[in-house]
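Colleague: In my numbering, the protein residues as written are 97 to 594. We put the CB at the ideal spot given by N, CA and C, even for glycine. Take this structure, written in C-alpha cells, and hold onto it; I'll ask about it next.
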Amino acid sequence: MSTKNKSALFQKLPSTDELLRQRNIQELIQRDGHAAVAESIRAVVARLRQEIAGGHIAGIEPSEKSLDLAVGGLFNAIERELRRSLSSSLRLVINATGVILHTNLGRAPLAETALDHVRGVANGYSNLEFDLETGERGKRDVHVDRLFRKLLSDPLAASDTVAKSSSSSITNAPSSTSTIVVNNNAAAVLLALNSLAEGGEVIVSRGELVEIGGSFRVPDVMQKSNASLREVGTTNRTRIGDYERAITDRTRLLLRVHRSNFEITGFTEQPGLEELVALARRRNIPLMEDLGSGALFDLRSVGISGEPGVIDSLRVGVDIVTYSGDKLLGGPQAGLISGRADLVARMRSNSLFRALRVDKLTYAALEATLLAYVKRDHDAVPVLRMIRLSKDEISHRAEALVSKVESSVGMGRPSRLKLELCDGESVLGGGAAPSAVLPTRLIALSHGELSADRLNAHLRTSTPPIVARVEDARVLLDLRTVFPDQDEDLAAAIVSLG
Ligand SMILES: *Cc1c(COP(=O)(O)O)cnc(C)c1O
C-alpha cells in the first residue's frame, strides 16, 4: 500500500477528543471516570494505527470499507478495553483439584470470622500498637502472643489426643513459650538463623538440605542470614554421633528441617527428635526445627500420621519452632516463630524483625483464626473443615451434582459428555505430609469430541474459573476443596461443556 493511501486512512481515524465527546462514550465516562476512558480510547486507536501501518487494514478501493468497519466497531472495542483494564487480575477461583493447601491457588482460604475481623479492624483505626489501659505505646505481637501461649502451653486446647498419648519421655512445653509473627516461614527461618547464629555455625543433616517450592533453599537462606552451614551425615543416613562430632566452639545452633515435600525411604536413618533435644541440652546449644506446615490440630484424629504438630515439637523440648500461617494452621500468610522466650526476645530485638513484620490485616486474620482454635471450633477454619470432610459427605455431594448435570445436559437427547464417579485421594499439599492422603470420591469427566485438556481449558476459562486435574484422559473433580455453595456454579460450568 502506498504511503499516500495510508495517510488517507490515518486521517479517517477519529481523534481522541472527537471520541470523548460522543454520547455513548460520555456514558462510559460517567461510570468509570474520564482518565480510564481516555486511556482506553488511546489504546484502541493506537492499535488501529498500528494495523494501518502494518497494512492489515487495506486502503485500496473497495476494501477501504474495512477501516469503516473498524471505526464502526470502535465503541465496542473501547468498552471491551475499558472493562479489561479495570477488572481485577486477582480473582476467586474454584479449586476442584483436591489439593487443600494449593500454593498456586493461594493456600489456605480464610475463616469467615477472620474475614469479618479484618474488615472490622481495617475499616478504621485500631489499637495495633497502643495499650488502651495505660494509654501508652504497645507491641503489635501481644494480640496473638496471648493466644499462642494458651494454645501451645495447654496442649488440651489444641489437640486432645496428643495429651492422652503423651509418654514419659515427653516434657511439657515450657510455660514461657512466646511467639512472634513475620511475613512468611522463609522470613521466620531467616530471622531465627540471623538472630541465633550470625557469624557462627549451624549444624544440619545433609538429608534435610531441602528446596521448597523452587525458591526456598536452606543453604541459600543460611548464607543470607550470615550463618555458616555445617553439613553432617549423608543424604540418606545421619546419626546423632554425626551431630555430636561436628560441635565446636563456633556452633550456635542445631537445626532440623522437616522434609515437607519429599520422603527418603529405604536405607535411611535419622536421629529421633528426643535424641537431638538431649544432645542440645547436654552441650547447651539451642535446637531449632523448621516445621514448615506446623499443624496446631492433631492430624492423627483424621488418620494422618508423620506430620508432627507444633505442640509435639515443643513438648519434646525443641527450643524454637518455625512454621507457616497459611499452611495447616489455616490462617493468613505469615511466618510464626514459637519457643523459648529468651531466644524469641533476641529475634524481636533484631532490626531484621522490623523489616519482616506483618501488618494489621495479618494480625486480624491470625487472631480470629487462633480464636477458633481456642474455642475448638475447628470447622470454622476452612482448611480443617476440608480435612475433616468424610468420603461419604463428598460422595453425596458428588452424586447430587452429577444427577443435576445429567438432567440439564441430557434433556432427552444423548450427550457427548460423560460423567462417572470414582474413588480417589485428596492431598494436604503445601508441603505437608507428602504421603498423607485422604480418601475421596471424584467426578470424572470425558467427552466424545473434546480431549480432557480441552475440557480442562474450558473449565479454567469459565466464570468463576475452575481448576481441576487431568488424569488418564479424564478431567477429575474433587469436591473436598470446593465450597458447598460453589457446587451450583461448578454444575453450570459442566453443563455448558455438554
Ligand atoms: C513451606 C515451607 C517453608 C516456606 O514457608 P513459606 O511460608 O512459604 O515461606 C519453609 N520450610 C518448610 C519446611 C516448609 O514446608
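(1) Reducing DSSP to helix, strand and coil, say where aspartate 568 ends up.
(2) Can you tell me which of the three DSSP states glycine 172 falls into?
(3) Apart from the five residues on each side of it in sequence, which residues of its chain come closer than 7 angstroms, Cβ to Cβ, to alanine 166?
(4) Considering only residues of the same chain and omitting the five flanking positions on each side of lysine 235, which have a CB-CB separation below 7 angstroms?
(5) Counting Cβ pairs closer than 8 angstroms, one from the stretch 423–432 and one from the stretch 193–211, do we hit at least three?
(6) Between which two residues does the alpha helix (DSSP H) containing arginine 481 stretch?
(7) So, is histidine 492 buried or exposed, given that buried needs 16 or more other C-beta atoms within 10 angstroms?
(8) Measuring only the C-alpha atoms, how far is threonine 334 from glutamine 366?
(9) In chain order, what residues of the same chain lie with their CB nearer than 6 angstroms to the CB of leucine 534, ignoring the 5 residues before and after it?
(10) Could you spell out where the beta strand (DSSP E) holding leucine 541 opens and where it closes?
(11) What are the partner residues of isoleucine 598, as DSSP defines its beta bridges?
(12) Alpha carbon to alpha carbon, how far is alanine 149 from asparagine 101? Give it in angstroms, no decimals.
(13) Using beta-carbon positions only, say whether threonine 418 and asparagine 219 come within less than 9 angstroms of one another.
(14) Could you name the residues of the same chain whose beta carbon sits closer than 6 angstroms to that of arginine 436, not counting the 5 residues immediately before and after it, in chain order?
(15) By a C-beta neighbour count over all protein chains shown, 10 Å radius and 16 as the cutoff for buried, is aspartate 488 buried or exposed?
(16) From the DSSP output, in three-state form, read off glycine 303 for me.
(17) Between the Cα of phenylalanine 449 and the Cα atoms of Ala288, Phe171, Gln122, which residue gives the shortest distance?
(18) Comparing the CB of phenylalanine 312 with every heavy atom of ligand 1, is any distance shorter than 8 angstroms?
(19) Of all the options Thr347, Ala441, Val314, which has the alpha carbon lying nearest to the alpha carbon of aspartate 241?
(20) Mind checking tyrosine 221: buried by the 16 CB within 10 Å criterion, or exposed?
(21) Taking the alpha carbon of leucine 116 as the reference point, which residue from Leu105, Glu175, Ala104 has its own alpha carbon closest?
(22) How many angstroms separate the CA atom of serine 434 from the CA atom of glutamate 294?
(23) Using 9 angstroms as the threshold, is the C-beta distance between valine 454 and alanine 468 below it?
(24) May I ask you to report which of helix, strand or coil DSSP gives glutamate 177?
(25) Tell whether a beta-carbon distance below 9 angstroms holds between alanine 624 and alanine 210.
(26) Using a Cβ-Cβ cutoff of less than 7 angstroms, which residues in the same chain neighbour asparagine 322 once the five nearest sequence positions on both sides are dropped?
(27) Does the distance from the CB of valine 285 to the CB of valine 314 come in under 9 angstroms?
(28) Identify every residue that forms a DSSP beta bridge with alanine 391.
(29) Between which two residues does the alpha helix (DSSP H) harbouring isoleucine 590 extend?
(30) Taking 8 angstroms as the cut-off, is the CB of glutamine 107 close to at least one heavy atom of ligand 1?
(31) Should histidine 354 be counted as a contact of ligand 1 given a C-beta to heavy atom distance under 8 angstroms?
(32) Buried or exposed for leucine 573, please, with buried defined as at least 16 other CB atoms from any protein chain shown within 10 angstroms of its CB.
(33) Name the residue from Pro560, His543, Val133, Lys108 whose alpha carbon lies nearest to the alpha carbon of glutamine 118.
(34) Look up serine 274 in the DSSP assignment and give the residues it is bridged to.
(35) In the DSSP assignment, the beta strand (DSSP E) including valine 353 goes from what residue to what residue?
(36) Confirm the yes/no value for this check: CB of serine 389, any heavy atom of ligand 2, distance under 8 angstroms.
Modeller: To lay it out plainly:
(1) Taking the sequence shown and counting its residues from 1, one reaches residue 568 at position 472. If DSSP states are grouped into helix, strand and coil, aspartate 568 belongs with coil.
(2) Locating residue 172 in the sequence shown gives position 76, where the first residue counts as 1. The sequence shown places asparagine at residue 172, not glycine. Note: asparagine 172 maps to helix in three-state DSSP.
(3) Locating residue 166 in the sequence shown gives position 70, where the first residue counts as 1. So the qualifying residues of the chain are Leu144, Ile153.
(4) Reading the sequence shown from its first residue, position 139 is the one you call residue 235. Here the set comprises Glu225.
(5) yes
(6) As a first step, residue 481 is located in the sequence shown; it is residue number 385 there, counting from the start. Arginine 481 -> alpha helix (DSSP H) spans 478–484.
(7) For this step, residue 492 is matched to residue 396 along the sequence shown. Its Cβ having fewer than 16 others within 10 Å, histidine 492 is exposed.
(8) On the sequence shown, position 238 is the one that residue 334 refers to. On the sequence shown, position 270 is the one that residue 366 refers to. Roughly 5 angstroms separates the two Cα atoms.
(9) Translated into the one-based positions of the sequence shown, residue 534 becomes position 438. Within the same chain, leucine 534 has close Cβ partners Ser522.
(10) Residue 541 sits at position 445 when you count from the first residue of the sequence shown. Counting along the chain, the beta strand (DSSP E) containing leucine 541 begins and ends at 533–543.
(11) Since the first residue of the chain shown is 97 and the last is 594, residue 598 is not available in this structure.
(12) Against the sequence shown, residue 101 aligns to sequence position 5. Against the sequence shown, residue 149 aligns to sequence position 53. Roughly 10 angstroms separates the two Cα atoms.
(13) On the sequence shown, position 322 is the one that residue 418 refers to. On the sequence shown, position 123 is the one that residue 219 refers to. Cβ distance not < 9 angstroms, so threonine 418 and asparagine 219 don't count as in contact.
(14) Position 340 of the sequence shown, counted from the first residue, corresponds to residue 436. Here the set comprises Asp415.
(15) Taking the sequence shown and counting its residues from 1, one reaches residue 488 at position 392. It counts as exposed.
(16) Taking the first residue of the sequence shown as position 1, residue 303 is located at position 207. In the structure shown, glycine 303 sits in a helix (DSSP, three-state: H, G or I).
(17) Mapped onto the sequence shown, residue 449 falls at position 353. The residue with the shortest Cα to Cα distance from phenylalanine 449 is Ala288.
(18) Taking the sequence shown and counting its residues from 1, the one referred to as residue 312 is at position 216. Yes, the Cβ of phenylalanine 312 comes within 8 angstroms of a heavy atom of ligand 1.
(19) Walking along the sequence shown from the start, residue 241 turns up at place 145. For the residues Thr347, Ala441, Val314, the minimum Cα distance to aspartate 241 belongs to Ala441.
(20) Within the sequence shown, the letter at position 125 stands for residue 221. By the 10 Å Cβ count, tyrosine 221 comes out exposed.
(21) Mapped onto the sequence shown, residue 116 falls at position 20. For the residues Leu105, Glu175, Ala104, the minimum Cα distance to leucine 116 belongs to Glu175.
(22) Taking the sequence shown and counting its residues from 1, the one referred to as residue 434 is at position 338. Taking the sequence shown and counting its residues from 1, the one referred to as residue 294 is at position 198. About 19 angstroms.
(23) Stepping through the sequence shown from its first residue, residue 454 is reached at position 358. Stepping through the sequence shown from its first residue, residue 468 is reached at position 372. No, the Cβ-Cβ distance between valine 454 and alanine 468 is not below 9 angstroms.
(24) As a position in the sequence shown, residue 177 is number 81, starting the count at 1. Three-state DSSP puts glutamate 177 in a helix.
(25) Outside the shown range of the chain, which is 97 to 594, sits residue 624, and nothing can be said about it.
(26) Taking the first residue of the sequence shown as position 1, residue 322 is located at position 226. Cβ within range, chain order: Asn290, Glu294, Gly295.
(27) For the purposes of this step, residue 285 is identified with residue 189 of the sequence shown, where counting begins at 1. For the purposes of this step, residue 314 is identified with residue 218 of the sequence shown, where counting begins at 1. Yes, Cβ-Cβ distance for valine 285 and valine 314 is below 9 angstroms.
(28) For the purposes of this step, residue 391 is taken as residue 295 along the sequence shown, with counting starting at 1. Alanine 391 pairs with Gly405.
(29) In the sequence shown, counting from the first residue as 1, residue 590 sits at position 494. Looking at the DSSP string, the run of the alpha helix (DSSP H) that includes isoleucine 590 is 583–591.
(30) Taking the first residue of the sequence shown as 1, we reach residue 107 at position 11. Outside the cutoff, so no.
(31) Sequence index remark: in the sequence shown, residue 354 carries index 258 (1-based). Yes, the Cβ of histidine 354 comes within 8 angstroms of a heavy atom of ligand 1.
(32) Sequence index remark: in the sequence shown, residue 573 carries index 477 (1-based). With 16 or more other Cβ atoms within 10 Å, it is buried.
(33) Residue numbering aside, residue 118 sits at position 22 when the sequence shown is read from its first letter. Nearest C-alpha to glutamine 118: Val133.
(34) If you number the sequence shown from 1, residue 274 lands on position 178. BP columns for serine 274 point to Gly435.
(35) Within the sequence shown, residue 353 is the residue found at index 257, counting from 1. Its beta strand (DSSP E) spans residues 347–353.
(36) Among the ligands present in this structure, namely ligand 1, ligand 2 is not found.
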